[in-house]
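Here's the structure, in C-alpha cells; my notes come after.
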Amino acid sequence: MDEEVLLLGSWGSPFSRRVEMALKLKGIEYRYIEEDLTNKSPSLLKYNPVHKKVPVLVHNGKPVVESLVILEYIDETWKDHPILPKDPYERAHARFWAKFIDEKSSIAGFKACCWGEEKEREKAKEEAFEKLQFLENELKEKRFFGGENIGLVDITGNIIGYWLGVFEEASGVKLLTREKFPKLCNWADEFVSASAIKENLPPRDKLLATLRRRLGGANASK
Amino acid sequence: MADEVVLLDFWASMFGMRVRIALAEKGIKYEYKEQDVFNKGPQLLQTNPVHKKVPVLIHNGKPVCESLIIVQYIDEVWKDKSPLLPSDPYQRAHAKFWADFVDKKVYEVSKRVWTSTKGEEREAAKKDYFEIFKILEGELGDKPYFGGETFGFVDLSLIPFYSWFYAIETFGEFNLEAECPKIIAWAKRCLHKEIVAKTLQDEKKVYEFVGQLRKMRGLE
Numbered sequence: 001m002d003e004e005v006l007l008l009g010s011w012g013s014p015f016s017r018r019v020e021m022a023l024k025l026k027g028i029e030y031r032y033i034e035e036d037l038t039n040k041s042p043s044l045l046k047y048n049p050v051h052k053k054v055p056v057l058v059h060n061g062k063p064v065v066e067s068l069v070i071l072e073y074i075d076e077t078w079k080d081h082p083i084l085p086k087d088p089y090e091r092a093h094a095r096f097w098a099k100f101i102d103e104k105s106s107i108a109g110f111k112a113c114c115w116g117e118e119k120e121r122e123k124a125k126e127e128a129f130e131k132l133q134f135l136e137n138e139l140k141e142k143r144f145f146g147g148e149n150i151g152l153v154d155i156t157g158n159i160i161g162y163w164l165g166v167f168e169e170a171s172g173v174k175l176l177t178r179e180k181f182p183k184l185c186n187w188a189d190e191f192v193s194a195s196a197i198k199e200n201l202p203p204r205d206k207l208l209a210t211l212r213r214r215l216g217g218a219n220a221s222k
Numbered sequence: 001m002a003d004e005v006v007l008l009d010f011w012a013s014m015f016g017m018r019v020r021i022a023l024a025e026k027g028i029k030y031e032y033k034e035q036d037v038f039n040k041g042p043q044l045l046q047t048n049p050v051h052k053k054v055p056v057l058i059h060n061g062k063p064v065c066e067s068l069i070i071v072q073y074i075d076e077v078w079k080d081k082s083p084l085l086p087s088d089p090y091q092r093a094h095a096k097f098w099a100d101f102v103d104k105k106v107y108e109v110s111k112r113v114w115t116s117t118k119g120e121e122r123e124a125a126k127k128d129y130f131e132i133f134k135i136l137e138g139e140l141g142d143k144p145y146f147g148g149e150t151f152g153f154v155d156l157s158l159i160p161f162y163s164w165f166y167a168i169e170t171f172g173e174f175n176l177e178a179e180c181p182k183i184i185a186w187a188k189r190c191l192h193k194e195i196v197a198k199t200l201q202d203e204k205k206v207y208e209f210v211g212q213l214r215k216m217r218g219l220e
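Protein chains in written order, with my numbering: chain G, 1 to 222; chain B, 1 to 220.
If you want it as C-alpha cells, here you go:
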C-alpha cells in the first residue's frame, strides 16, 4: 500500500518539530510543507478548521492535529522505535509529564519573565523555576525521560531542551542554570546531540534573530 | 491477586465524574474517598504533588493523575470489557483531539461565565461559551453520540459538564437549549444510560455549590 505522509509545519515551531523528530526517529518518509503562519494556506484551514494551527499530519489524506495527539498516532501506526512504553502505568506516567511540559512550559510563560512590572516578572520566574524543578526531580539518574532512549516526554520537552536556551540568549533572562538544574542541563545536552534530534532543530541564529525581533518590541516599551 | 482501586475525588468535579463513569463502564470495584478541596488532605497532596488536584486513581498503591490520562489507563488495564476508545489509530486520534478540545476550552469558558460580573464581562464570556458549544454541535452533526452510534471517549469527557449547565445558565442568565439545542438533545440521550444518570450530580446541588464559590470570590 502506498503510504502518503504529509506534514504541514513551521520551521521555528517546537510543536511542528516534535512531529518531525518522531517521524525521523521511526524512519518514516514524509513530504514537508512550510506554512506561512501570517498567511495561512487553504490546505491548513481545511485540515485544521478548529485551531487553524500547525503541525498537521496528513496520512493517506486524513488529517491529525495537536502535536501530542499526532505523536501518539505516529506511535500507534508505525510500531518500530516506540516512543511510549508498553506498560499501562508507565504510559500514563509518560503522558502525564508530556502534558505537564506542554501546558506549563511555553514561550508565553518564558516571556512573562521579561515583560511587565518587576513584581510580576519575579513571580513568573519563581513559577518557571518551580516547573523546572519538578522536571529535574522527575529525570532522576536517567539519561532521557524515556530511560535509555528518547521517548514522548523528551520529544515534547524539545521546548526546554532547545528553544529555552535560545530564548534565554534573546532575552538575557537565565532560567535553566547548571547550578539549579544540573540534571536537566545534562539532559538538554544529550537531547540536542542525539542524531534524530539535531537534524531537526531550527538553525540557532535564525531562531535567535526571530525571537530577538519578537522580544525587541516588548523591551522597548519598558 | 485482587486489585486494589481507590479514587480520590470531589462530588462536583466534572473531571472526577469522567473517571467514575469509566470505572462503572468496566465494572471495576473501587473505594471512593471524598476530598475536601478547600482543605486538601495528606493523601491527595502526596499522590498528586504536582497539581494537588482531584481526581487521582490509586491502583495497587500507584497513583495516576489527570482525568483523561486516568480514563486511558483504565481502558488499557481493563481492556477485555467495554472499550472506552476506538481501536483504529485514526479514530483514536480523532477522539483524543475532541476530548482535548473539551479540556482546553469548555472548562475555562464555563468558569469565565460563572465568575463573571454582570455586563460586558458576562456578555463576552457568554459569546465565547456559545461559540465553543456551536463548534461541538458541528462535530456532533447528525450522529447520536460524538463516538458515533455508541457512547464513547468524547461523550464521556463532555457529559459531566451537564451537571453544571443549570448553574451556569442561571448565573449567566441564558438558556443553553435555545442556543444549542443539539447539545441538550445529545445530553438527554446520554442520560438514558444508567451509568451516566447515576454518576451525574444533581444540578440544583451544583447550583448551590457554585453559589458558595461565587460568595467566596465576593461575587454575591
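Glycine residues also receive a C-beta, built at the ideal position from the N, C-alpha and C atoms.
Since we're looking at a predicted model, the values are computed, not measured.
Counting the other Cβ atoms within 10 Å of the Cβ of histidine 93 of chain G gives 16 or more, which makes it buried. The straight-line gap separating the alpha-carbon atoms of serine 110 of chain B and tryptophan 164 of chain B is approximately 9 Å. In this chain, the beta strand (DSSP E) harbouring isoleucine 33 of chain G covers 31–34. At a cut-off of 7 Å between C-beta atoms, arginine 95 of chain G counts as an interface residue with respect to chain B. Closest by C-alpha distance to tryptophan 163 of chain G, out of G/Gly109, G/Pro182, G/Glu136, G/Glu179, is G/Gly109. Each residue's CA atom was taken as its position, placing alanine 22 of chain B and alanine 99 of chain B some 14 Å apart.
Taking a Cβ-Cβ threshold of 9 Å, the residues of chain G close to phenylalanine 101 of chain B are Val50, His51, Glu66, in chain order. The residues Leu57, Ile70, Tyr73, in chain order, have a CB closer than 6 Å to that of valine 64 of chain B in the same chain once the five nearest residues on each side in sequence are set aside. Here glutamate 35 of chain G is actually not in contact with asparagine 200 of chain G; their C-beta atoms are around 17 Å apart, not less than 8 Å. By the rule that beta-carbons nearer than 7 Å mark a contact, alanine 188 of chain G does not touch chain B. In the DSSP assignment, aspartate 9 of chain B falls within the beta strand (DSSP E) that extends over 5–9.
In the assembly as shown, glutamate 123 of chain B is an exposed residue. Its beta-carbon has fewer than 16 other beta-carbons within 10 Å.
CA-to-CA, the gap between valine 50 of chain G and glutamate 179 of chain G works out to about 43 Å.
If you look at valine 19 of chain B, you'll find it in the alpha helix (DSSP H) that goes 14–25.
Between leucine 200 of chain B and phenylalanine 153 of chain B, the C-beta spacing is not below 7 Å.
Burial state of tyrosine 162 of chain B is buried, judged by a 10 Å Cβ sphere holding 16 or more other Cβ atoms. At a Cβ-Cβ threshold of 7 Å, glutamate 76 of chain G and proline 89 of chain B count as neighbours. DSSP places leucine 200 of chain B outside both helix and strand once states are collapsed to three, so it counts as coil. Under DSSP, glutamate 34 of chain B forms a beta bridge with B/Asp9. Contact note: proline 89 of chain B reaches chain G through Tyr73, Glu76, Thr77, using a C-beta cutoff of 7 Å and chain order. Interface annotation, alanine 196 of chain G: not in contact with chain B, CB-CB separation never under 7 Å.
Restricting attention to alpha helix (DSSP H) runs no shorter than 4 residues, the region 131–164 of chain B encloses them at 153–158, ordered along the chain. By the rule that beta-carbons nearer than 7 Å mark a contact, tyrosine 73 of chain B touches chain G. The beta carbon of proline 85 of chain G is closer than 7 Å to those of Arg91, Ala94 in its chain, skipping five residues each way along the sequence. Shortest Cα-Cα distance from cysteine 180 of chain B to any of B/Pro55, B/Ile132, B/Glu120, B/Lys52 involves B/Ile132.
With contacts defined as CB atoms closer than 7 Å, isoleucine 197 of chain G and glycine 151 of chain G fail to qualify as a contacting pair.
Listed along chain G are Pro88, each with a C-beta nearer than 7 Å to that of valine 77 of chain B.
For histidine 93 of chain G, the enclosing alpha helix (DSSP H) begins and ends at 88–104.
Within the region 193–219 of chain B, no residue places its CB atom closer than 8 Å to a CB of chain G.
Within chain B, no residue has its CB atom less than 7 Å from the CB of phenylalanine 15 of chain G, the nearest being about 13 Å off. Tryptophan 78 of chain B sits away from lysine 33 of chain B, with the two beta carbons spaced by 7 Å or more.
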